[in-house]
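Note sheet for the following structure.
2 protein chains.
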Amino acid sequence: MPKLYKRDASACELIACKDCGIYQLCRLASGCEDPSVSNALVRRRFILRRGEFLYRNGDTFQDIYAVRHGSIKTYIASDDGKTQITNFLGSGELIGFDAIDAGRFDSEAIVLETTSVCEVSFSHFQGLSRKIPGLLDQLVVVMSHAILRDQQMMLLLGKKSATEKLATYLVNLGRHIDKNKSSPSTYKLTMSRRDIGNYLGLTQETICRILARFQEDGIIRIQRKYLHFVDMNRLRELASKIQAER
Amino acid sequence: MPKLYKRDASACELIACKDCGIYQLCRLASGCEDPSVSNALVRRRFILRRGEFLYRNGDTFQDIYAVRHGSIKTYIASDDGKTQITNFLGSGELIGFDAIDAGRFDSEAIVLETTSVCEVSFSHFQGLSRKIPGLLDQLVVVMSHAILRDQQMMLLLGKKSATEKLATYLVNLGRHIDKNKSSPSTYKLTMSRRDIGNYLGLTQETICRILARFQEDGIIRIQRKYLHFVDMNRLRELASKIQAER
DNA sequence: CGCTATATTGACCAGAGTCAAGCTTTGTGG
DNA sequence: CCACAAAGCTTGACTCTGGTCAATATAGCG
Chain A
0 MPKLYKRDAS
10 ACELIACKDC
20 GIYQLCRLAS
30 GCEDPSVSNA
40 LVRRRFILRR
50 GEFLYRNGDT
60 FQDIYAVRHG
70 SIKTYIASDD
80 GKTQITNFLG
90 SGELIGFDAI
100 DAGRFDSEAI
110 VLETTSVCEV
120 SFSHFQGLSR
130 KIPGLLDQLV
140 VVMSHAILRD
150 QQMMLLLGKK
160 SATEKLATYL
170 VNLGRHIDKN
180 KSSPSTYKLT
190 MSRRDIGNYL
200 GLTQETICRI
210 LARFQEDGII
220 RIQRKYLHFV
230 DMNRLRELAS
240 KIQAER
Chain B
0 MPKLYKRDAS
10 ACELIACKDC
20 GIYQLCRLAS
30 GCEDPSVSNA
40 LVRRRFILRR
50 GEFLYRNGDT
60 FQDIYAVRHG
70 SIKTYIASDD
80 GKTQITNFLG
90 SGELIGFDAI
100 DAGRFDSEAI
110 VLETTSVCEV
120 SFSHFQGLSR
130 KIPGLLDQLV
140 VVMSHAILRD
150 QQMMLLLGKK
160 SATEKLATYL
170 VNLGRHIDKN
180 KSSPSTYKLT
190 MSRRDIGNYL
200 GLTQETICRI
210 LARFQEDGII
220 RIQRKYLHFV
230 DMNRLRELAS
240 KIQAER
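The listed protein sequences derive, respectively, from chains A and B. Numbering follows this note's numbering, with no gaps: position 77 of the first sequence is 76. Numbering follows this note's numbering, with no gaps: position 176 of the second sequence is 175.
As structure tokens, this is what we get:
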């Protein structure tokens, strides 16, 4: 299986610790500037491949995770089988703290491409936090941010039109790019049209149609998985304004 | 102003500290079983009346609050003026920790009826947490629970039909009743039809129509602000099943 | 006792869903 | 390395749920 090697190689483009969402946490826990040298927080690191679960519904909660490289989708299900994708996560993002309260996961996390993950034992984390003030403060900050994000998502799902939803989604993708690397303003979509639709409360057909329209209008160029931003300003307008024309 | 007195009197039916969402927090902070005697956590208590703000968009974050008695709605706004109600809060619920990350509020909280609130200075809380291990743990648990709730809300907004949305909402109201007092299965709605619609991603007209239909079908009785649950099981079915008939 | 906010109901309409068919890419196994 | 299968994407035609607009009704409130 040569493909496996290739993939493992790609998984080697890991983000630097200082760009990670739990950098502040790792730094505090390790008590030194560069936590990649001696990391008191992270128990182990591992790699998952497309389609594998990071955790499943009903799993007992033991660890929180940080995505080093790759992407993950999380979703919940209702009694009657409907599912809602609640987040797409990329490099440096934290995952799993929604299960702290119940002590088990009521959601699932599936890896969208070969993905490298840092695992933090939560009980170990709590133990450390007794010695290191500020560790839990940092977690509270991260969780507070997650709540803000969820509220924005409620606004999107409850009040925006299909066009506004997708434009908002694309603008947010664009933000990620700017942060991480000098943007060639091109993005590789790791999720399917169906996933995007599910996330935004739309169908895959609607996603297709609107992407096609955005391309006609010269706002993006899209070729299967590859998305190129042409007119980011117009996209930002569409994301939150009642569009004047069309 | 005799009405003011009356209202203050009604505000006196405060919940017991042990039924409050921050009971664990107050107990830990005070170091004794009954925090209502000497409460190390709560700075002050105050009463707000219908239409008054607990906090406004842009306010700097200093305190988190617990609702002792009454009800509050919180909402966020988009650039183009759309607003989305993100939560209705009642007795014993905590409010304000979504602003921890940014250090200021990006949302607003309006009181729906005369409401009594406990105010907790967050910096004081952080100071106390240095001395009292477990205080921050409790906050983390509460925030984790809030995230779960938000995820359920995304599922509702993204995937449920109007009927399912409203049925889910009513079932959740019903749960509150069961918890707090011996349920006469009657509920006083403190929010308007418009508010309910906004919260659920619907219009007030749709709320009216579906409430009328639920009444025709003998599932509830509704008279203006007063809601009576007749057939809670049927309501639960409607909340998460593709209804067989009608 | 009138005023304003809220609630109700009806008629009509449009945005997005559903269904269906065909196409493209990716993955698999011989 | 090729052929086939499976998954994902695209586009069109039609439908339907819930929104919009409008007209009244009702209830608190000052």
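For every residue, glycine included, the Cβ atom is placed at its ideal position computed from N, Cα and C.
{"Item": "If residue 79/B and residue 240/A are in contact, beta carbons under 8 Å, what's the gap, nearest whole angstrom?", "Value": "5 Å"}
{"Item": "Give the range of the beta strand (DSSP E) segment to which residue 16/A is assigned.", "Value": "Element bounds for residue 16/A: n/a, residue is neither H nor E."}
{"Item": "Using a Cβ-Cβ distance cut-off of 9 Å, determine whether residue 234/B contacts chain A.", "Value": "no"}
{"Item": "Pick helix, strand or coil for residue 220/A, following the three-state DSSP scheme.", "Value": "strand"}
{"Item": "For the alpha helix (DSSP H) containing residue 158/B, name the first residue and the last one.", "Value": "134-158"}
{"Item": "Just the C-alpha distance for residue 186/B and residue 74/B, rounded to the nearest angstrom, thanks.", "Value": "23 Å"}
{"Item": "Is residue 100/A close to chain B, meaning its C-beta is less than 9 Å from at least one C-beta of that chain?", "Value": "yes"}
{"Item": "Step through the CB atoms of chain A and report whether any lies within less than 9 Å of the CB of residue 129/B.", "Value": "yes"}
{"Item": "Between which residues of its own chain and residue 237/A is the CB-CB distance below 7 Å, once the five residues before and five after are set aside?", "Value": "162, 163 and 166"}
{"Item": "Can you find the residues in the same chain that come closer than 8 Å, C-beta to C-beta, to residue 231/A, ignoring five residues on each side of it along the sequence?", "Value": "170, 173 and 184"}
{"Item": "Under 9 Å between the Cβ atoms of residue 117/B and residue 19/B?", "Value": "yes"}
{"Item": "For residue 29/B, would you say it is in contact with chain A, using Cβ-to-Cβ distances shorter than 9 Å as the test?", "Value": "no"}
{"Item": "Can you look up residue 197/A in the DSSP assignment and give me helix, strand or coil?", "Value": "helix"}
{"Item": "Nearest-angstrom Cα distance between residue 49/A and residue 48/B?", "Value": "54 Å"}
{"Item": "Would residue 234/B be called buried (16 or more neighbouring beta carbons within 10 Å of its own) or exposed?", "Value": "buried"}
{"Item": "Output yes if chain B places a C-beta closer than 9 Å to the C-beta of residue 108/A; else output no.", "Value": "no"}
{"Item": "Run through the DSSP bridge pairs and tell me what residue 93/A is partnered with.", "Value": "65/A"}
{"Item": "Strictly under 9 Å for the Cβ-Cβ distance: is residue 157/B near chain A by that measure?", "Value": "yes"}
{"Item": "For the stretch 94-111 of chain A and the stretch 132-151 of chain B, state whether three or more C-beta atom pairs, one from each stretch, are separated by less than 8 Å.", "Value": "yes"}
{"Item": "What does DSSP give as the partner residues of residue 119/A in its beta bridges?", "Value": "63/A"}
{"Item": "How long is the line joining the alpha carbons of residue 216/B and residue 15/B, rounded to whole angstroms?", "Value": "38 Å"}
{"Item": "Assuming residue 51/A is part of the alpha helix (DSSP H), what are its boundary residues?", "Value": "Note, residue 51/A: premise wrong, no alpha helix (DSSP H); not H, not E."}
{"Item": "Determine the direct distance from the alpha carbon of residue 209/B to that of residue 221/B, and round the result to whole angstroms.", "Value": "11 Å"}
{"Item": "Residue 250/A and residue 124/A: beta carbons closer than 9 Å?", "Value": "Past the boundaries of the shown model lies residue 250/A; chain A is included only from 0 to 245, so the question cannot be answered."}
{"Item": "Expressed to the nearest angstrom, what Euclidean distance is found between the alpha-carbon atoms of residue 46/A and residue 70/A?", "Value": "12 Å"}
{"Item": "Once the 5 residues before and after residue 201/B are set aside, which same chain residues still bring their CB inside 7 Å of it?", "Value": "161 and 164"}
{"Item": "Using a Cβ-Cβ cut-off of 9 Å, state whether residue 191/B counts as contacting chain A.", "Value": "no"}
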